[in-house]
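What follows is a set of notes on a single structure, which appears directly below.
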Amino acid sequence: MKTLSDQAVGTAHGKIILIGEHAVVYNEPAIAMPFLATPVEVIIETIDGDSVISSSYYQGFFKNVPSSLKNIYTLTETICADLNQSADGMSISISSLIPPERGMGSSAAVATALVRALFSYFKKSLDQTSLLNYVDISEKIAHGNPSGLDARVTSSESPVYFKKNSRFTSIPLHVSGYLIAADTGMKGQTKKAVEDVAQQMKQSYKQTRQLITKIGLLTEEAKTAIEENHTARLGELMTLSHDCLKQLNVSNEALDHLVETALKQKALGAKLTGGGRGGCMIALAKTAKQAKRIAHKLMENGAVETWIHALGEDFND
Ligand code: PMV
15 MKTLSDQAVG
25 TAHGKIILIG
35 EHAVVYNEPA
45 IAMPFLATPV
55 EVIIETIDGD
65 SVISSSYYQG
75 FFKNVPSSLK
85 NIYTLTETIC
95 ADLNQSADGM
105 SISISSLIPP
115 ERGMGSSAAV
125 ATALVRALFS
135 YFKKSLDQTS
145 LLNYVDISEK
155 IAHGNPSGLD
165 ARVTSSESPV
175 YFKKNSRFTS
185 IPLHVSGYLI
195 AADTGMKGQT
205 KKAVEDVAQQ
215 MKQSYKQTRQ
225 LITKIGLLTE
235 EAKTAIEENH
245 TARLGELMTL
255 SHDCLKQLNV
265 SNEALDHLVE
275 TALKQKALGA
285 KLTGGGRGGC
295 MIALAKTAKQ
305 AKRIAHKLME
315 NGAVETWIHA
325 LGEDFND
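Residue numbering for the sequence shown follows our numbering, starting at 15 and increasing by one per position.
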């Protein structure tokens with residue numbers, strides 16, 4: 015006999031790459047941040063009969079989900095089978111503030127929230143390793159060959175420092191300030207941008223390698239700035255890394271315009287985040303008031319959406 019909760023909730027959040035994108039492909043470090051301003055919530059309730067799902071993409075019987083939700087379907091079936099529970103009789107409702115296809119970890123965050131909700135619904139405990147393994151099942155269906163970074167950061171409260179083929183390390187978040195993210199409204203073009211950097215590496219090795227090495231050094235310094243609460247320096251490092259990314263040709267006009275807008279509004283720093291050529295940019299502000307003003311100006315200058323994430327204690331204005 016099953017003992018079910020009437021309602022169970024699972025949560026997660028988005029991620030952004032703070033610094034190190036593209037260089038991380040060439041074995042330099044990168045730092046990703048949990049972005050709590052874009053939460054995801056999955057609620058499961060008991061119903062009679064076949065399971066149903068409600069999300070912004072689709073509402074209806076779970077067994078008829080479109081291909082964009084196949085990862086969620088397979089994940090649910092797998093967990094129910096592993097826990098020896100029926101996959102019928104559930105109403106699964108997904109609400110997410112993470113924009114899809116912007117490199118903000120949308121699919122991993124939804125999967126994380128779903129795994130947590132299912133384990134809570136079936137009153138089973140869930141350890142971090144099992145959570146990551148389950149999210150990986152979903153991410154493999156959604157993306158083919160996930161690095162595991164999105165799963166790690168969308169379920170964590172701490173920044174994550176990582177290098178290709180090595181362990182992810184949590185960094186203690188001691189930095190104060192406000193991180194603003196702004197969406198250009200264009201899908202990011204990570205794959206194309208990564209391919210183009212590889213091409214540049216072949217064509218002008220010395221110059222491209224120098225830029226990659228410089229981003230690596232900026233990232234190492236950013237780690238120290240986060241650990242030792244040097245917010246202003248962290249901002250400078252972000253802007254310097256944007257300059258390198260620009261020289262690597264992975265920015266575009268819309269991103270550059272938003273970065274310049276944020277800097278004109280006295281952001282401590284600003285840069286594109288993720289693959290580039292669209293997607294999102296980020297800026298760092300000292301106070302909540304400055305962050306709100308920057309977000310407002312970004313909207314006036316072409317952003318379609320902005321979010322503000324408080325990193326720590328506010329400074330006095
Ligand atoms: O756009 P995102 O969040 O998937 O980040 C891409 C980061 C790159 O360094 C450009 C590519 C990669 O695989 O690390």
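Where is the CB? At the ideal position from N, CA and C, for every residue including glycine.
Top-ranked residue by Cα proximity to residue i, from the options
| i | options | result |
| --- | --- | --- |
| Gly24 | Ser218, Ala131, Asp102 and Ala101 | Ala131 |
| Ala207 | Val54, Ala125 and Thr287 | Thr287 |
| Thr301 | Val318, Glu314 and Ala324 | Ala324 |
| Gly199 | Gly316, Phe75, Ser65 and Val54 | Gly316 |
| Leu312 | Ile155, Gly28 and Val273 | Val273 |
| Asn263 | Thr245, Leu225 and Leu282 | Leu225 |
| Gly249 | Arg291, Lys29 and Thr233 | Thr233 |
| Thr90 | Phe49, Gly28, Ile155 and Tyr40 | Ile155 |
| Val38 | His271, Met295, Thr204 and Asp96 | Thr204 |
| Gly292 | Lys280, Lys278 and Leu269 | Leu269 |
Segment limits, beta strand (DSSP E) that includes residue i
| i | result |
| --- | --- |
| Met215 | Where Met215 is concerned, there is no enclosing beta strand (DSSP E), although the alpha helix (DSSP H) it sits in stretches over Thr204 to Gln217. |
| Asp197 | Tyr192 to Asp197 |
| Thr301 | Here Thr301 belongs to no beta strand (DSSP E), and DSSP marks it neither H nor E. |
| His36 | Premise fails: His36 is in no beta strand (DSSP E) and is neither H nor E. |
| Val66 | Val66 to Ser68 |
| Gln73 | Gln73 to Phe75 |
Endpoints, the alpha helix (DSSP H) within which residue i is located
| i | result |
| --- | --- |
| Thr168 | Leu163 to Thr168 |
| Thr88 | Lys84 to Asp96 |
| Phe136 | First-last for Phe136: undefined, no H or E at that position. |
| Leu277 | Glu267 to Lys278 |
| Lys154 | Gln142 to His157 |
Any C-beta of chain B under 8 angstroms from that of residue i
| i | result |
| --- | --- |
| Leu282 | Although the question refers to chain B, the structure presented lacks it and comprises just one protein chain. |
Exposure label - residue i; buried when at least 16 CB within 10 Å
| i | result |
| --- | --- |
| Gly220 | Per the sequence shown, the amino acid found at residue 220 is Lys instead of Gly. So Lys220 ends up on the exposed side. |
| Asp331 | Here the model assigns Asp331 a pLDDT of 38, short of 50, so the residue's position is not dependable and the matter cannot be decided. |
| Asp197 | buried |
| Asp20 | exposed |
| Ile33 | buried |
| Glu242 | exposed |
| Met15 | Bear in mind that the predicted position of Met15 carries a pLDDT of just 42, short of 50, making it too unreliable to give a figure here. |
| Asp62 | exposed |
| Gln214 | buried |
| Val56 | buried |
| Arg223 | exposed |
| Gly290 | buried |
| Ala246 | exposed |
| Gly74 | exposed |
| Val318 | exposed |
Residue i beta carbon near the ligand HEM (any heavy atom closer than 7 angstroms)
| i | result |
| --- | --- |
| Lys220 | Looking for the ligand HEM in the displayed structure turns up nothing; the ligands present are the ligand PMV. |
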